[in-house]
Structures are given as structure tokens and as C-alpha cells.
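Going by the working numbering, 361 is the number at position 293 of the sequence shown; the sequence numbering is gapless. To start, the structure under review is shown below, and the notes come after it.
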Amino acid sequence: MKFTKLLTLLLITIVASQSAKAELLDRIVAVVNDDIILQSEFESEMSLVIGRLQSQQQQLPPRIQIAQQVLEQLIVKKIQSQRARQAGLRIPDQMVNQALVNIANRNGTSLNELPAALEADGVDYASFREEIREQLTIQQLSQRELGGDIRVSDSEIDRLINSGSNDKEFRIKQILIAVEQNATQELIAIKKEQADKIRERILAGEDFSKLAIAYSNGTKSLEGGDLGWRSLAQMPSIFSDRVRSMDKSDVSEVIRSASGFHIMLLDEIRGNELPEQVVTQYSARHILIRDSDLSSDSENKEKLNKIKEKILAGDNFTESARMNSEDPGTATKGGELGWSVPDVYDASFAAVIKNSPIGEISEPFKSQFGWHILEVTDKREYDMAEEVLRNRARTAISEQKFEQESILWMQRLRDEAYVEYRL
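Below you can see the structure in the form of C-alpha cells.
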């Protein structure tokens, strides 16, 4: 089967780990607080990184430089995993299953078929599953520790939309020479000199990605510093201000930020236009009778049939919903659901909305929440372009802020940790 990049990388990691264990490579290469990194972990990660870079026909720096970067990333990952355990974070099986479903779907298979597909490639399904769980745990940790601090105001969204900064996307590569927050002026000067020399080597013709692999402290260093496609809104202002005036293949000057010194390469530029966003919306109202141990499906259905008969005989739907509906979110509003696209609801509920003539009360039907009757009161074609534009702007600003905070957060975790190298 053909695997996506994420699945391929995970496969390489697990196969390399299994091979390393078979060759009895295990010894301690680093102590991280009260935990250790084994030679087998290190060798499997080295195989992953070098294999990926070679498959991309990437120029490689000396192996010792790759090893330093790989070990440092393993140390940071170990610190994050320790912090997640201390916080009591545990990813439930249901969330892991959903991630595996998404991976399987992207590769044209199903969750039931995935274990056999992995086994055919020599990968243990249980090991693969735990690797996914660890990735999700670290993601949840960062969201827990940083997500609550991210705020995006309407005025920020308005400024972004009015500036047109979301109309284009830029593929950026970065080299970061990190500077600790409590660094002395002497150390800052040394780091600045290092960044200047790296930039000079780039301008002299050396490969940017190769130098990123060798020297960058950024989270994408082992991907050649490739940050992917971003709008100006997804970059810190100190970067976006430079990118505005850069052309393709331009290299920035050395840029100072709270996390260190940056060098940026503008790799590609493309448009970022919104597609047409016209959708069909329905205005509907409903009455819900929830499932209960005290009543059967047939009893709930019969109760709704009687309510419907009274409404058809002249009772007011709004008052009937207020008196009978067991949906706390809509009962006080007479069962009104407002304007929405059907797909935001339970599948069975959405199907009834789509197929109900305007002004007719449906037959009783069941959803995951219980038994309903509903009435579609109106239908319209609605252009959601403005809402989509604002949501995209909000997401871009939030992601940019989150990334900035993540870099500083990981530096703090690393600075506070006890690390002993034994490689």
C-alpha cells in the first residue's frame, strides 16, 4: 500500500527501533531529569531523519551535526513526555482510534485493515499505536499549557482583513540560533556572530537547508528549516514586515526576536483566494423527548404523535415546545434552532431537515439524543464568505501567536531540565 509522509516516517521509526533492539545497541546516551534516552532510541531516530533527508535528495551535513540535532530533539520530546505524565495527561483509546482512522483513510484503507497493512510492512501495530498516543499527548500538553493564553480580538481580525495580509501565502525556510532568556551580553554577541557567519555562507552559495539541518535550533531544523506555506498573518510581525519586501529566493538579514536570531529564505509565493462559499441554510424548530429508562421508544414516539396532533388541531408550536421539549438549549426559545446548515446536526436529524417541506411537521424520528418532531420554517441560499474570511483570519492570528509562545515554552522547559550527555 502507499503511505502518506506521516505514516511513512512513523514506519521508519518503528522498524529502525525494532532493528536496533535486535542488534543489542542499548546503552544510555543521555539522562533527562529522572529518565534516560537509550542508544536504540537514538539510532532509530537517526535512521528516520537520514532516510527522510536522503529520500528528498537533500544535501546532508556531517553525521556528527545531524546526531547533535537528533539528540537535542529527543531530549525536548522526553521533557515534554515527562511533563505530560506529571500533569496526569492520558490520551483515551477513543482519541487514538480516531487518529488511526484518519491515517487509514488518507491511505485508502480502514481501521480494521490497518493492523494487517502495517504487519505487511514489518511494523508492530501495538508499537505504532503507542507512537500515535505519544504524539497526541504532547499536542494536548502544549494546548493545555499555552492554549488558554491565546486571545484574538475582533479588532485584530479587522486589521488583518483590511490589510490584505491573507491574500497570499509564502513558503518560508528558517534558521534559528536560539538565545536563552537569561543570556549574558557576551553570549548574545557570540550567537549574533554565529548567525552572521551562517548568513554569509548562504549568500556565498551554500545550501540553506543543509545549514538549517546542521545549525538551526528551530522545531523544523531536521526538515531543512522548512516552515511550510504561511500567510503574512501567520508570521510574527518582525518576519512579515521583511517578507512583504522580499522576492522569491531572497535571504533576509539576521532578525532578532525573543527566542534568538533568525535567518529566513523566501522559497515560493502563491495566491490564497477564498473559494465560493454559498450554502443552503434552513430555519427549523423541534420538540425533543429524551431516551429514558422510564419510557420505551414506542411510548416516546406515541407522546410526540399526540403533541403533533394537538399542534395540527390548533395548538401553538412555540408553546408546545416550551411545555414539552426536553432540549434545555431550545425549549425556552420555543424549539427554535435558528439558521444553520443541516450537517452541523446528527445525521438522522440533518436528513429530516433536508427532506421536510417548509411548514410541515415531520413524523416522529429518532436521533442519538432521543425522539423528535421538527418543522422547517424557511430555507435560503447564504453567502458565508465573510464568516469564512473572519474565521480564517482568526485561525491565522491564533496559530501565529501559539507558535511564538510554543518556541519560548520549549526553551523554558529545556533550560529548567537536568540533562547529562553520555554519547
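Where a beta carbon is used, it is the ideal one built from N, C-alpha and C, also for glycine. Please read these numbers as outputs of a predicted model, since none were measured by experiment.
Can you list, in chain order, the residues of its chain whose CB lies under 7 angstroms from that of residue i, leaving out five sequence neighbours each side?
i: Leu186; result: Tyr193, Phe196
i: Asp483; result: Glu248
i: Ile357; result: Asn368, Lys371, Leu372, Glu394, Gly438, Trp439
i: Gln262; result: Ile245
Since I believe residue j is in contact with residue i (beta carbons under 8 angstroms), could you give me their beta-carbon distance rounded to a whole number of angstroms?
i: Val97; j: Glu488; result: Incorrect: roughly 10 angstroms between the Cβ atoms, too far for contact.
i: Leu179; j: Asn165; result: 7 angstroms
i: Ile266; j: Ile243; result: 6 angstroms
i: Lys278; j: Pro129; result: 5 angstroms
i: Gln40; j: Asp103; result: With the chain covering only 69 through 491, there is no way to say anything about residue 40.
Straight-line CA distance for residue i to residue j?
i: Ser313; j: Trp297; result: 17 angstroms
i: Asp451; j: Val347; result: 6 angstroms
i: Gly328; j: Ala246; result: 4 angstroms
i: Lys401; j: Thr386; result: 8 angstroms
i: Arg153; j: Lys146; result: 11 angstroms
i: Leu106; j: Leu168; result: 27 angstroms
i: Ser430; j: His354; result: 9 angstroms
i: Gln203; j: His330; result: 27 angstroms
i: Asn101; j: Leu139; result: 15 angstroms
i: Ser299; j: Asn459; result: 14 angstroms
i: Arg448; j: Lys376; result: 26 angstroms
i: Val456; j: Leu405; result: 21 angstroms
i: Asp411; j: Ala418; result: 6 angstroms
i: Ile200; j: Ser424; result: 43 angstroms
i: Ser231; j: Ala301; result: 10 angstroms
i: Gln349; j: Glu336; result: 38 angstroms
Once you ignore the five residues that flank residue i on each side, which residues in its own chain have a CB closer than 8 angstroms to its CB?
i: Leu157; result: Thr205, Gln208, Leu209, Arg212
i: Arg462; result: Val220, Ile225
For residue i, which beta-bridge partners are listed by DSSP?
i: Phe276; result: Answer is none; Phe276 lacks a bridge partner.
i: Glu449; result: Thr348
i: Gly296; result: Ile240
i: Trp477; result: Beta-bridge pairing links Trp477 to no other residue.
i: Gly215; result: According to DSSP, which records beta bridges pairwise, Gly215 is partnered with nothing at all.
i: Tyr489; result: Ala98
i: Gly339; result: Lys236
Quick check on residue i: does DSSP put it in helix, strand or coil?
i: Glu394; result: coil
i: Gln141; result: helix
i: Leu333; result: strand
i: Val412; result: helix
i: Arg353; result: strand
i: Arg120; result: helix
Give every residue of the same chain whose Cβ lies closer than 6 angstroms to the Cβ of residue i, excluding the five residues on either side of it in the sequence, and list them in chain order.
i: Ala172; result: Ser178, Leu179, Leu182
i: Gln133; result: Ala282
i: Ser284; result: Ile243, Leu244, Gly293
i: Gln436; result: Asp414
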